[in-house]
Amino acid sequence: MSTIYDLRSYLELLERHGQLAHVAKPVNLFHEAADIGATVERTGAPAPLFEQLYYQPSLDAQTPDDSPRTFGPWRLFSSAIANQERVALALGCDKTQVTATMARALEPAHAIPPVFTEHAAWKRHITTHPNEIDLRTLPIPKHAVGDGGRFITGGVIVSKHPETGVGNLGYNRMEILGPRTLGMNINQWRDVQRAHAAAEAKGQPLGVAVAIGLDPALMIAAGCKYDGDENNIAGAIRGQPVEVTRGVTVDVDTIPAHAELVIEGHVLPGARREEGPLAEFHGYYGEPWQSPVFEVTAICHREQPIYQTIVPGWNEHIYIGNVLPREPLLMRFVSHASKNVGAVHIPPYTNGFLVVVQLSKKTNRGEPRNVALAAFAAHPNFRICAVVDSDVNIYDPSDLLWALTTRVDWGQDIFTVPGAQGHEMDPANDSKGIGTKVGIDATFDKGRRPYGQRVSYPMVELTKYFER
Ligand SMILES: Cc1cc2nc3c(=O)[nH]c(=O)nc-3n(C[C@H](O)[C@H](O)[C@H](O)COP(=O)(O)O)c2cc1C
Numbered sequence: 203m204s205t206i207y208d209l210r211s212y213l214e215l216l217e218r219h220g221q222l223a224h225v226a227k228p229v230n231l232f233h234e235a236a237d238i239g240a241t242v243e244r245t246g247a248p249a250p251l252f253e254q255l256y257y258q259p260s261l262d263a264q265t266p267d268d269s270p271r272t273f274g275p276w277r278l279f280s281s282a283i284a285n286q287e288r289v290a291l292a293l294g295c296d297k298t299q300v301t302a303t304m305a306r307a308l309e310p311a312h313a314i315p316p317v318f319t320e321h322a323a324w325k326r327h328i329t330t331h332p333n334e335i336d337l338r339t340l341p342i343p344k345h346a347v348g349d350g351g352r353f354i355t356g357g358v359i360v361s362k363h364p365e366t367g368v369g370n371l372g373y374n375r376m377e378i379l380g381p382r383t384l385g386m387n388i389n390q391w392r393d394v395q396r397a398h399a400a401a402e403a404k405g406q407p408l409g410v411a412v413a414i415g416l417d418p419a420l421m422i423a424a425g426c427k428y429d430g431d432e433n434n435i436a437g438a439i440r441g442q443p444v445e446v447t448r449g450v451t452v453d454v455d456t457i458p459a460h461a462e463l464v465i466e467g468h469v470l471p472g473a474r475r476e477e478g479p480l481a482e483f484h485g486y487y488g489e490p491w492q493s494p495v496f497e498v499t500a501i502c503h504r505e506q507p508i509y510q511t512i513v514p515g516w517n518e519h520i521y522i523g524n525v526l527p528r529e530p531l532l533m534r535f536v537s538h539a540s541k542n543v544g545a546v547h548i549p550p551y552t553n554g555f556l557v558v559v560q561l562s563k564k565t566n567r568g569e570p571r572n573v574a575l576a577a578f579a580a581h582p583n584f585r586i587c588a589v590v591d592s593d594v595n596i597y598d599p600s601d602l603l604w605a606l607t608t609r610v611d612w613g614q615d616i617f618t619v620p621g622a623q624g625h626e627m628d629p630a631n632d633s634k635g636i637g638t639k640v641g642i643d644a645t646f647d648k649g650r651r652p653y654g655q656r657v658s659y660p661m662v663e664l665t666k667y668f669e670r
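Structural data, given as structure tokens:
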């Protein structure tokens, strides 16, 4: 059983583990907050909770309104699940058990369906009058300098298929296009796309709730490709059902009851408007899209609300979308090829394209190559597979680079698979996603020469020695 059931209980846990930083200084919603979040994510620093925000578009922004604006009681939180320590805290496991914990939660037999409640703290403050709804009063950031505007990136989209009635959680970026209007990016492979297409075919709007500020189990669950309601995965992570409730203006009854903020509305049939560009998962800006239009019908929030964002194209985005849902799959495939696989990792800084497989021992010389071939079969996005030994810390980029540098003869220890299918948006592939897979045997001792003993120093807790 877990003590985490909402964002606030998670923040308390982060605080106890030195993984939360309170930022009292006023921070600009235009870029500054995201720059801080991105820095935190690349340096392993604690997650920032911004206590004072203001709005002042940078000089490059094309906006008629450049007056500084403040956001009253709102706080802003980012980078919730952006390093292996916080992922482990969010899942309630050791950092080496993340893959196994996710594998267990994704197993259909372990699904725990949500329980319904009428009560939700976010129903305390409800705004439904069209003249009073103004998305611009929410602390929705403009993140990267090349982004087209202010985007909701950490909102979990809660929907229900109009014909099957099956609930769904997922992510769809949303750009503010007007006080009550959002552009909603929905690409082809999403469950919500099927729900929207079914409603649109009948000329009907699709009711949707955007839940923001959540228990990280829900954030992780929403990033998984799953046939049923992803609330079941969040229940499996927590070992108990999550609580869900009904919308106040939309016919959706699987909305997280403990959200900080819920934005309700309808995806309109037959309407498309331009939204974007936005920093994409592969680390470049995408193109603007002609996307469905979402008209807001209610903004509801808790007392002293906390807005939560995900810095797009950066570690947390990759952890939720590419790392946590796929490591169990990778483990299954490579373990089939070798009984000696000890661990796998998809480093978030490689955007889901490179995977690392660790062997606890090597029983024959060809084993690393077979393992890499199995990794490529696990998911088309995997383009580079590095196979390493058990003395390499697979969560530490410098240790991985050390193994690649000192254990790989690049003329002999790699193999390539040209013309293989990858992701269409992988910048190294062609526009159809065709590119070359590369397997790297970065294991120790290929019988070429004797190795000496590896140098190592025990890690120490620096705060014991350095003054703050
Ligand atoms: C931070 C984040 C942002 C995302 N943004 C979008 C988006 O704008 N459009 C989209 O179609 N998918 C987006 N995705 C991908 C999916 O929504 C997500 O992976 C989800 O699992 C879809 O699964 P489902 O089809 O089972 O609901 C995003 C994923 C993450 C983690």
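Each number in our numbering comes from the position in the sequence shown (counting from 1) with 202 added on.
Yeah, the Cβ is synthetic: ideal placement off N, Cα and C, and Gly gets one too.
If you're wondering where the values come from, they're calculated on a predicted model, not measured in any experiment.
Ordered list of beta strand (DSSP E) runs contained in the stretch 333-413, each at least 3 residues: Listed in chain order, they are 358-362, 369-373, 376-380 and 383-386.
Any contact of the stretch 320-340 with the stretch 447-462, i.e. 3+ C-beta pairs under 8 Å? Yes, they touch.
Whether or not the stretch 558-567 and the stretch 519-529 are in contact is what I'm after, with contact meaning three or more pairs of Cβ atoms, one per stretch, closer than 8 Å; do they touch? Not touching, per the Cβ criterion.
Entirely within the stretch 485-530 and at least 4 residues each: give me those alpha helix (DSSP H) ranges in chain order. 517-520, all fully within the stretch 485-530.
Could you give the distance in angstroms between the alpha-carbon of Leu255 and the alpha-carbon of Ala461? The residue given as residue 255 occupies position 53 in the sequence shown. The residue given as residue 461 occupies position 259 in the sequence shown. Counting only the Cα atoms, Ala461 lies some 21 Å from Leu255.
Out of curiosity, what's the CA-to-CA distance linking Leu222 and Pro494? Looking up residue 222 in the sequence shown gives position 20. Looking up residue 494 in the sequence shown gives position 292. Taking the Cα positions, Leu222 is about 36 Å away from Pro494.
Going by other Cβ atoms of all chains shown within 10 Å of its Cβ, with 16 needed for buried, is Gly516 buried or exposed? In the sequence shown, counting from the first residue as 1, residue 516 sits at position 314. Reading off the sequence, residue 516 comes out as Trp, not Gly. Its Cβ being crowded by 16 or more others within 10 Å, Trp516 is buried.
8 Å contact criterion, which Pro550 and Leu556 should meet: CB distance rounded: Here residue 550 corresponds to residue number 348 of the sequence shown, with the count starting at 1. Here residue 556 corresponds to residue number 354 of the sequence shown, with the count starting at 1. Incorrect: roughly 10 Å between the Cβ atoms, too far for contact.
When the distance is taken between beta carbons, is Trp276 closer than 8 Å to Pro458? What you label residue 458 is simply residue 256 of the sequence shown in a count that begins at 1. What you label residue 276 is simply residue 74 of the sequence shown in a count that begins at 1. No, the Cβ-Cβ distance between Pro458 and Trp276 is not below 8 Å.
Can you name the residues that DSSP bridges to Leu255? In the sequence shown, counting from the first residue as 1, residue 255 sits at position 53. Per DSSP, Val229.
Would you mind giving the Cβ-Cβ distance between Val464 and Ala413, rounded to the nearest angstrom? I have them listed as a contact below 8 Å. As a working mapping, residue 464 is identified with position 262 in the sequence shown. As a working mapping, residue 413 is identified with position 211 in the sequence shown. 5 Å between Cβ atoms; contact.
Have a look at Ala401 and Leu408 and give me their C-alpha separation to the nearest angstrom. Taking the first residue of the sequence shown as position 1, residue 401 is located at position 199. Taking the first residue of the sequence shown as position 1, residue 408 is located at position 206. A straight line joining the alpha-carbon of Ala401 with that of Leu408 spans about 6 Å.
Should Thr456 be counted as a contact of ligand 1 given a C-beta to heavy atom distance under 7 Å? Locating residue 456 in the sequence shown gives position 254, where the first residue counts as 1. Flag unset: Cβ of Thr456 not near ligand 1.
Helix, strand or coil, according to DSSP, for Leu213 in the structure here? For the purposes of this step, residue 213 is taken as the residue at position 11 of the sequence shown. In the structure shown, Leu213 adopts helical secondary structure according to DSSP, grouped into three states.
Per-residue DSSP class, three states only, for His312: Counting from one through the sequence shown, the residue named residue 312 turns up at place 110. Note: His312 maps to helix in three-state DSSP.
To the nearest angstrom, how far is it from the Cα of Ile354 to the Cα of Gly385? Position 152 of the sequence shown, counted from the start, is the residue given in the question as residue 354. Position 183 of the sequence shown, counted from the start, is the residue given in the question as residue 385. Pairing Ile354 with Gly385, the inter-Cα distance amounts to about 10 Å.
Out of Ala577, Glu626, Asp643 and Ala622, which one is the CA nearest neighbour of Leu602? Here residue 602 refers to the residue found at position 400 of the sequence shown. Leu602 has its Cα closest to that of Asp643, out of Ala577, Glu626, Asp643 and Ala622.
Given Gly637, which residues of its chain have a CB within under 6 Å of its CB, disregarding the five upstream and five downstream residues? The sequence position of residue 637 within the sequence shown is 435, counting from 1. Closer than 6 Å at the Cβ level, and outside the excluded window around Gly637, lie Gly624, Ala630 and Asn631.
What is the rounded straight-line gap between the Cα of Thr180 and the Cα of Arg288? This structure leaves residue 180 out entirely; the chain is present only between 203 and 670.
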